[in-house]
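Remarks on the structure that follows.
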Amino acid sequence: GNSVTQMEGPVTLSEEAFLTINCTYTATGYPSLFWYVQYPGEGLQLLLKATKADDKGSNKGFEATYRKETTSFHLEKGSVQVSDSAVYFCALSDQGFQKLVFGTGTRLLVSP
Amino acid sequence: EADIYQTPRYLVIGTGKKITLECSQTMGHDKMYWYQQDPGMELHLIHYSYGVNSTEKGDLSSESTVSRIRTEHFPLTLESARPSHTSQYLCASSESPGQGPEKLFFGSGTQLSVL
Numbered sequence: 001g002n003s004v005t006q007m008e009g010p011v012t013l014s015e016e017a018f019l020t021i022n023c024t025y026t027a028t029g030y031p032s033l034f035w036y037v038q039y040p041g042e043g044l045q046l047l048l049k050a051t052k053a054d055d056k057g058s059n060k061g062f063e064a065t066y067r068k069e070t071t072s073f074h075l076e077k078g079s080v081q082v083s084d085s086a087v088y089f090c091a092l093s094d095q096g097f098q099k100l101v102f103g104t105g106t107r108l109l110v111s112p
Numbered sequence: 001e002a003d004i005y006q007t008p009r010y011l012v013i014g015t016g017k018k019i020t021l022e023c024s025q026t027m028g029h030d031k032m033y034w035y036q037q038d039p040g041m042e043l044h045l046i047h048y049s050y051g052v053n054s055t056e057k058g059d060l061s062s063e064s065t066v067s068r069i070r071t072e073h074f075p076l077t078l079e080s081a082r083p084s085h086t087s088q089y090l091c092a093s094s095e096s097p098g099q100g101p102e103k104l105f106f107g108s109g110t111q112l113s114v115l
């Protein structure tokens, strides 16, 4: 079945450091891929998405490229801020868009 | 931006009580979901609905039940709460298929503690 694997956290960085959170997936067909973010005390919200191979999703300085050959969708940001501290979830949708499959989440902690 | 609301935000109850977690959305979305989030942050889909009078069980078996009598309302009920039900419960909604890739709108969640 479809599944998503994320790197374990927490990821601890200093402000302005470079961020990479790894995400790989297993899926039949051609899923759409997503990154969701959960700030403390809140629900999840969509951060970015990509719908086909080689697409790059971007938002708020975050980027992720849909790599079909490596079945990956790694999240990157060139310079993190304290306000980026949150839990990040990688997800994929099956071809019927019936539901999302989430990874286990990666907590990011950014210190001043 | 999100117009999906969950109440209560926090709930502490004793074992054996019946509880209902409320979820409402004002976006007219057909599809709604309940996720259980464990302390390790992992999300487990426990119920979903494609529209009025449609309910389906999710990937994780749950003793809770749901109903969908109105498009905007998707309550979750536990007939007899137990400590093992202690968790964060997240409600979400999305537009119908054919509208493009799935974007879920999440509520802020209900943190349930059963003593």
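Same order as they appear, the protein sequences are chains A and B.
Counted the way the working numbering counts, the first sequence spans residues 1 to 112.
Counted the way the working numbering counts, the second sequence spans residues 1 to 115.
Beta carbons are placed, not taken as given, at the ideal position from N, Cα and C, and that holds for glycine.
These numbers come from a predicted model, not from an experiment.
Where do the N-terminal and C-terminal ends of the beta strand (DSSP E) with residue i fall, by residue?
i: F74 of chain B; result: Segment: none, F74 of chain B is in no beta strand (DSSP E) and carries neither H nor E.
i: H47 of chain B; result: L43 to S49
i: R107 of chain A; result: T106 to S111
i: V114 of chain B; result: T110 to V114
i: I19 of chain B; result: I19 to Q25
i: T71 of chain A; result: T71 of chain A -> no beta strand (DSSP E), and no H or E assigned at all.
i: M32 of chain B; result: K31 to Q37
i: F89 of chain A; result: A86 to S93
What does the Cβ neighbour count give for residue i, buried or exposed, with the cut at 16 atoms within 10 Å?
i: P31 of chain A; result: buried
i: F18 of chain A; result: exposed
i: Q6 of chain B; result: buried
i: E102 of chain B; result: buried
i: A53 of chain A; result: exposed
i: V82 of chain A; result: exposed
i: Y89 of chain B; result: buried
i: S84 of chain B; result: exposed
i: T106 of chain A; result: buried
i: L100 of chain A; result: buried
i: G40 of chain B; result: exposed
i: Q49 of chain A; result: Residue identity differs from the one stated: residue 49 of chain A is Lys in this sequence, not Gln. It counts as buried.
i: Y10 of chain B; result: exposed
For residue i and residue j, I'd like the C-alpha separation in whole angstroms.
i: H44 of chain B; j: S111 of chain A; result: 30 Å
i: G29 of chain A; j: I13 of chain B; result: 45 Å
i: S64 of chain B; j: P10 of chain A; result: 31 Å
i: L92 of chain A; j: T71 of chain A; result: 11 Å
i: M27 of chain B; j: K57 of chain B; result: 23 Å
i: H74 of chain A; j: T24 of chain A; result: 8 Å
i: I21 of chain A; j: E42 of chain B; result: 16 Å
i: S93 of chain B; j: F62 of chain A; result: 24 Å
i: G1 of chain A; j: T26 of chain A; result: 8 Å
i: T65 of chain A; j: G78 of chain A; result: 14 Å
i: Q111 of chain B; j: Q6 of chain A; result: 25 Å
i: Q76 of chain B; j: G51 of chain B; result: Note that residue 76 of chain B is Leu in the sequence shown, not Gln. Spanning the two alpha carbons is a distance of roughly 15 Å.
i: S3 of chain A; j: R70 of chain B; result: 32 Å
i: T15 of chain B; j: K60 of chain A; result: 44 Å
i: Y48 of chain B; j: L13 of chain A; result: 37 Å
Relative to the C-alpha of residue i, which candidate in the options has its C-alpha closest?
i: N53 of chain B; options: B:E72, B:E63 and B:T86; result: B:E72
i: L131 of chain A; options: A:Q81, A:F102 and A:T20; result: The requested residue 131 of chain A does not occur in the structure, where chain A is confined to residues 1 to 112.
i: E79 of chain B; options: B:I69, B:C91 and B:S62; result: B:S62
i: T51 of chain A; options: A:V4, A:D94 and A:S3; result: A:D94
i: C23 of chain B; options: B:G107, B:S94, B:S87 and B:T55; result: B:G107
i: R68 of chain B; options: B:Q88, B:K31, B:E42 and B:Q37; result: B:K31
i: C90 of chain A; options: A:E76, A:V80 and A:S83; result: A:E76
i: G43 of chain A; options: B:V114, B:H85 and B:I4; result: B:I4
i: G41 of chain A; options: B:G109, B:P8, B:L115 and B:Q36; result: B:G109
i: E15 of chain A; options: A:T5, A:S85 and A:G1; result: A:S85
i: L108 of chain A; options: A:S58, A:K56 and A:E8; result: A:E8
i: E69 of chain A; options: A:K60, A:W35, A:D55 and A:N59; result: A:D55
i: R67 of chain A; options: A:F34, A:L13, A:K60 and A:T104; result: A:F34
i: Q37 of chain B; options: B:L60, B:E95 and B:L115; result: B:L60
i: V37 of chain A; options: B:V66, B:L104, B:I46 and B:L115; result: B:L104
i: T20 of chain B; options: B:S49, B:Y33 and B:F74; result: B:F74
i: H29 of chain B; options: B:S113, B:E95, B:L115 and B:V114; result: B:E95
How about residue i: is its Cβ closer than 7 Å to a heavy atom in the ligand GTP?
i: G78 of chain A; result: Looking at this structure, you won't find the ligand GTP or any other ligand, since it has none at all.
Ranges of the beta strand (DSSP E) found wholly within the stretch 23-61 of chain A, counting only runs of at least 3:
23-26, 32-38, 44-50 and 56-59
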